[in-house]
Structure formats: C-alpha cells, structure tokens
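Novice:
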Amino acid sequence: MHAMMRYGFSMVLVMSLAACATTPNDPNAQTKEKAAMGAAAGAVLGAVIGYQGDHSGGALRGALVGAAAGGVLGAGVGAYMDKQQAEFERKLASEQQAHQVEIERLQNESLKITMNSEVSFDFGSAQVTPSFGKTLDKVGDILQRYNRSGVTVVGHTDDVGSAEFNQNLSLQRADSVAYYLEDRGVDRQRIRTEGRGESEPRASNASEAGRQLNRRVELIIKPDSNIQ
C-alpha cells in the first residue's frame with residue numbers, strides 16, 4: 087500500500103484511541119468521545135475515497151477532510167442528545183427516585199425512557215392514567231423543544247392472558263401514548279408505535295414483582311443524523 091495511504095490510516099488509529107482517552111469525571115466526556123469517533127469514521131471514508139481518486143496524496147487529504155466533517159457531526163449529535171438527556175433527568179427526577187421511570191443512553195446516541203407499570207396503565211387497560219399523564223406532559227414538553235429526533239413508543243406486557251390479547255394490548259398502549267404526546271403538540275409524523283406483547287420480558291413472570299417489571303412502555307428517542 088502506498089505510504090500516504092498507510093499514513094492516512096495511522097491517523098485513524100490515533101483518533102480511535104483518542105476516543106477512549108477521556109477523563110472519567112469529565113462532564114463532556116460523551117460528547118468528546120463521539121466527536122473523536124466521528125472523526126475516525128470520517129477519516130476512514132475520506133482516506134478510501136481520496137486514495138481511489140488520487141494515489142499520490144488523496145488518501146491523506148481525504149482523511150483530513152473526512153476527520154473534520156466527522157468530528158463536527160459526531161460532536162453535534164452527541165451535544166444535542168447530552169442536553170436532551172439532561173433535561174429529561176431534571177424534569178423526571180421525582181419519577182426516577184420513585185423507580186417509576188428509567189433513563190438510559192444507548193450506544194447509537196439514542197435515549198431509552200422506560201416507564202413502569204406503577205406510573206402508566208391500570209391492569210388490562212390502555213387508557214392513560216392521570217398520574218401517567220403528568221409524566222407524559224413533561225416528556226411531551228421536552229420533545230417539543232428538542233424536535234430533531236424521532237420517537238418510537240414500544241408497549242410490553244406480562245404473560246397473564248393469551249399471547250394475542252397481550253400483543254393487541256401492548257400496541258393499544260403504545261398508540262395511547264403516541265396520541266397523548268400528539269395532543270401535547272409533538273408532531274405525529276415523528277412518532278412510531280410498536281407492540282411487543284409478552285415477547286421481551288425483563289424478569290420472570292412467575293412472581294407479581296417480575297410481572298410488574300414486564301408491564302412497561304418504552305420511548306426510544308433517536309436523533310436526526312444531520313444535526314451539527
């Protein structure tokens with residue numbers, strides 16, 4: 087392989103290592119890591135394209151341009167989701183303390199908000215309870231402000247009743263959440279719904295405690311890939 091091509095890929099290795107070298111207590115660690123990873127990915131693509139077009143130095147130039155573009159994109163998405171997550175953490179602090187809501191950052195920069203049965207629906211019902219409505223009010227307000235993300239609402243049940251009933255119930259619950267968020271001003275085109283019934287339990291259905299964990303609604307919030 088041409089020396090310039092090897093140099094371009096050496097840069098990729100350095101950037102990838104840099105993505106793992108953030109300080110543990112750094113509050114901006116996730117954003118810095120995503121910027122470095124975006125730069126590394128951009129450098130790979132830029133080096134390959136540049137080498138194909140100009141063997142004499144295109145790989146290096148392509149790596150530099152790709153790294154810059156990828157770094158900006160990675161940092162932009164990461165920063166956007168950092169701010170959105172912080173807002174959810176702040177507004178839903180009481181629900182988290184009561185173990186009614188869980189907020190998780192996924193590896194693809196998406197957020198997963200899990201709302202447990204205690205704060206969502208009555209047994210066998212797809213009607214949003216008043217207490218669940220208060221939580222969804224907060225969620226809807228945040229989603230309105232951070233409108234460059236799509237939302238997938240996923241309903242889950244325990245195994246009480248038939249599989250067909252639980253599948254339908256889980257989808258009806260997901261739809262109820264979607265309609266509620268739409269009423270709060272969230273663009274319905276941003277929202278998808280899925281019902282997974284009893285197919286993805288988090289715990290054993292042999293006990294009531296386990297069944298309570300399995301009855302839940304999840305919101306998967308995925309950022310627009312073009313955020314800068």
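Residue numbers (the numbering used here): 87 to 314.
Even glycine gets a Cβ: it sits at the ideal position worked out from N, Cα and C.
1) Could you have a look at P309 and say whether DSSP puts it in helix, strand or coil?
2) Do you know whose CA, among N194, K177, E175 and E181, lies nearest G164's CA?
3) Taking the C-alpha atoms as reference points, what is the distance between Q298 and E204?
4) Take R288 as the anchor and find which of V237, Q258, V303 and K224 has the nearest alpha-carbon.
5) Counting C-beta neighbours from all protein chains within 10 Å, is the total for E286 16 or more, i.e. buried, or is it exposed?
6) Looking at C-beta atoms only, is the number of pairs between the stretch 258-267 and the stretch 221-230 that lie closer than 8 Å three or more?
7) Could you spell out the range, first to last residue, of the beta strand (DSSP E) harbouring V272?
8) Distance, Cα to Cα, G247 vs R274?
9) Please check the pair F207 and F218, which I expect to be a contact at CB under 8 Å, by giving their CB distance rounded to whole angstroms.
10) Tell me whether G156 sits in a helix, a strand or coil according to DSSP, three-state version.
11) Grab me the residues of A260's own chain with a C-beta within less than 8 Å of its C-beta, minus the 5 sequence neighbours each way, in chain order.
12) Can you tell me whether DSSP reads D202 as helix, strand or coil?
13) At what residue ranges does the stretch 215-263 contain a whole run of the alpha helix (DSSP H), taking only runs of 4 or more?
14) To the nearest angstrom, report how far apart D168 and E181 are at their CA atoms.
15) Please state the DSSP three-state secondary structure of E304.
16) Taking 7 Å as the limit between beta carbons, can you name the residues of its chain near A212, skipping five residues before and five after?
17) Below 7 Å CB to CB, which residues in the same chain sit around Q253 once its five sequence neighbours on both sides are set aside?
18) Assign F174 to one of three DSSP states: helix, strand, or coil.
19) Within a Cβ cutoff of 6 Å, which residues of the same chain sit near V214, ignoring the five residues on either side of it in sequence?
20) Which same chain residues, not among the five before or five after N291, have their C-beta less than 7 Å away from its C-beta?
Specialist: A quick look at the data gives this:
1) Here residue 309 is taken as the residue at index 223 of the sequence shown, counted from 1. Three-state result, P309: strand.
2) Within the sequence shown, residue 164 is the residue found at index 78, counting from 1. Checked all of N194, K177, E175 and E181; the closest Cα to G164 is N194.
3) Sequence index remark: in the sequence shown, residue 298 carries index 212 (1-based). Sequence index remark: in the sequence shown, residue 204 carries index 118 (1-based). Looking at the two C-alpha atoms, the distance is approximately 8 Å.
4) Numbered from its first residue, the sequence shown carries residue 288 at position 202. Among V237, Q258, V303 and K224, the Cα nearest to that of R288 belongs to V303.
5) Position 200 of the sequence shown, counted from the first residue, corresponds to residue 286. Classification for E286: exposed.
6) yes
7) Mapped onto the sequence shown, residue 272 falls at position 186. Taken as a continuous stretch (DSSP letters only), V272 belongs to no beta strand (DSSP E), as it is neither H nor E.
8) The residue given as residue 247 occupies position 161 in the sequence shown. The residue given as residue 274 occupies position 188 in the sequence shown. Approximately 31 Å, taken between the alpha carbons.
9) Locating residue 207 in the sequence shown gives position 121, where the first residue counts as 1. Locating residue 218 in the sequence shown gives position 132, where the first residue counts as 1. At roughly 7 Å, the Cβ-Cβ gap stays under 8 Å, so F207 and F218 are in contact.
10) Numbered from its first residue, the sequence shown carries residue 156 at position 70. Unreliable placement is indicated for G156, whose pLDDT of 45 sits below 50; the coordinate value is still reported in the next sentence. Here G156 carries a helix assignment [DSSP, helix/strand/coil].
11) Along the sequence shown, read from residue 1 onward, the residue named residue 260 stands at position 174. Excluding positions up to five away in sequence, the list reads V239, V240, G241, T279, E280, G281 and V303.
12) Here residue 202 refers to the residue found at position 116 when the sequence shown is read from its first residue. Note on residue identity: the sequence assigns Asn, not Asp, to residue 202. In this structure, N202 counts as strand in the three-state DSSP scheme.
13) 216-231
14) Within the sequence shown, numbered from 1, the residue matching residue 168 stands at position 82. Within the sequence shown, numbered from 1, the residue matching residue 181 stands at position 95. Across the structure, D168 and E181 are spaced so that their CA atoms are roughly 20 Å apart.
15) Counted from its first residue, the sequence shown places residue 304 at position 218. Three-state DSSP puts E304 in a strand.
16) Taking the sequence shown and counting its residues from 1, one reaches residue 212 at position 126. Same-chain partners within the cutoff: L255, Q258, R259 and S262.
17) As a working mapping, residue 253 is identified with position 167 in the sequence shown. Cβ neighbours of Q253 beyond the five flanking positions: G281 and G283.
18) For the purposes of this step, residue 174 is taken as the residue at position 88 of the sequence shown. F174 falls in the helix class under three-state DSSP.
19) Sequence index remark: in the sequence shown, residue 214 carries index 128 (1-based). So the qualifying residues of the chain are S262 and Y266.
20) Locating residue 291 in the sequence shown gives position 205, where the first residue counts as 1. For N291, where only same-chain residues beyond five positions count, the Cβ hits under 7 Å are D244, D245, R297 and N300.
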